[in-house]
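Structure first, then comments.
Numbering (full-length UniProt numbering), first residue to last: 1 to 136.
Written as structure tokens, this is what we have:
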């Protein structure tokens with residue numbers, strides 16, 4: 001797994017843990033940075049901070065475009081995969097869109113349900129298609 005792949009996985013871990021604990025992801029991130037075991041990559045920090053900064057818009061987009069699923073009905077892993085992937089896809093223009101989608105779909109394959117990779121891929125591909133028209 002690439003360094004950025006590991007950073008994405010760590011960001012997902014932090015976002016998921018924060019939700020499970022009912023805490024702010026920035027607080028969990030701060031704990032991990034202070035503990036530094038394992039160390040937190042700068043890219044992980046960028047993703048977590050970005051998701052927090054744009055969370056309302058990210059959740060609005062996921063809710064609007066996920067057909068037949070509400071945020072509450074989604075598995076927590078999928079919800080946080082989509083948050084991280086959506087942030088990276090829409091707010092980090094220096095990262096190739098295809099790589100972003102592939103990496104987050106790979107995490108879905110590894111960590112979630114059998115249906116999750118297709119769901120994550122479909123929604124993120126839709127965001128890629130709509131990106132020029134989305135008001136960010």
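Glycine included, C-beta positions come from ideal geometry on N, C-alpha and C.
Going by alpha carbons, who is nearest to residue 33 out of 115, 20, 14, 19?
-> 14
Identify, in the order they occur along the chain, each residue of the same chain with its Cβ nearer than 8 Å to the Cβ of residue 128, setting aside the five sequence neighbours on each side.
-> Around residue 128: 89, 97, 101.
Identity of the residue in 12, 37, 38 nearest residue 26 by Cα = 12
Among 134, 52, 81, nearest to residue 110 - alpha-carbon criterion | 81
Buried versus exposed, by CB contacts within 10 Å (16 or more), residue 116 | Looking at its Cβ environment, which holds 16 or more other Cβ atoms inside 10 Å, residue 116 is buried.
Within 10 angstroms of its Cβ, does residue 45 collect 16 or more other Cβ (buried), or is it exposed?
-> buried
Taking the continuous alpha helix (DSSP H) assigned at residue 88, which residues delimit it?
-> 76 to 91
Looking only at C-alpha atoms, which of 122, 93, 54, 2 sits nearest to residue 78?
-> 122
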